[in-house]
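Have a look at the structure below, then the notes.
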């Protein structure tokens with residue numbers, strides 16, 4: 001089963017953004033994913049991983065919740 | 101480091117409630133916890149675990165976000 005991680009910079013105040021991603025993934029896939037983990041970090045980090053594979057890194061990608069959800073989709077089982 | 105799990109019933113529509121708990125824990129403790137995982141489940145489940153220990157189970161406890169945050173606190177490092 002799929003684990004999605006959203007690692008975000010706590011001192012930068014990125015909780016809202018991380019939370020938006022978690023919600024969007026869970027609303028879209030529900031039990032198609034096993035869990036979405038909000039992982040605390042610092043130093044400006046904002047990375048989304050699916051089963052360990054980076055699907056979004058704010059240093060390389062433009063922030064777009066829908067694009068992140070689309071990037072998760074291929075990792076989700078037939079239940080989605 | 102501390103892992104908090106919020107396992108919730110997807111078909112029951114408990115995502116909002118699970119999300120509220122995750123946010124409250126992260127707002128309170130930030131990097132004092134390593135991660136808060138929203139774990140998908142069914143069959144009416146709503147359980148919060150801290151490092152594997154159940155601190156809230158809706159079949160036994162009244163739902164109270166503040167009480168859940170207080171139950172997490174002893175598990176959080178000195179950073180909190």
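Protein chains in written order, with the working numbering: chain A, 1 to 80; chain B, 101 to 180.
Just so you know, even glycine gets a beta-carbon here, dropped at the ideal spot from N, CA and C.
Being a predicted model, the structure only gives us computed values, none of them experimental.
When DSSP labels each residue in this structure, what does residue 144 (chain B) get in the three-state scheme?
-> In the second chain, residue 144 (chain B) corresponds to position 44, counting from 1. DSSP, read as helix, strand or coil, puts residue 144 (chain B) in coil.
Cβ pair count under 8 Å reaching 3, the segment 157-164 of chain B against the segment 55-66 of chain A | The segment 157-164 of chain B is not in contact with the segment 55-66 of chain A.
Boundaries of the beta strand (DSSP E) in which residue 31 (chain A) is found, first to last residue = Working through the first chain from its first residue, we reach residue 31 (chain A) at position 31. Unbroken run through residue 31 (chain A): none, as it is neither H nor E.
What distance in whole Å lies between the Cβ atoms of residue 10 (chain A) and residue 131 (chain B), which are believed to be in contact at a cut-off of 8 Å?
-> As a first step, residue 131 (chain B) is located in the second chain; it is residue number 31 there, counting from the start. As a first step, residue 10 (chain A) is located in the first chain; it is residue number 10 there, counting from the start. Their Cβ separation, rounded to whole angstroms, is 5 Å, which keeps residue 131 (chain B) and residue 10 (chain A) in contact under 8 Å.
Just the Cα atoms here: how many angstroms apart are residue 124 (chain B) and residue 74 (chain A)?
-> By 1-based counting over the second chain, the position of residue 124 (chain B) is 24. By 1-based counting over the first chain, the position of residue 74 (chain A) is 74. C-alpha separation (whole angstroms): 31 Å.
If you run the structure through DSSP and keep just helix, strand and coil, what is residue 104 (chain B)?
-> Sequence index remark: in the second chain, residue 104 (chain B) carries index 4 (1-based). The answer is strand: DSSP assigns residue 104 (chain B) an E or B state.
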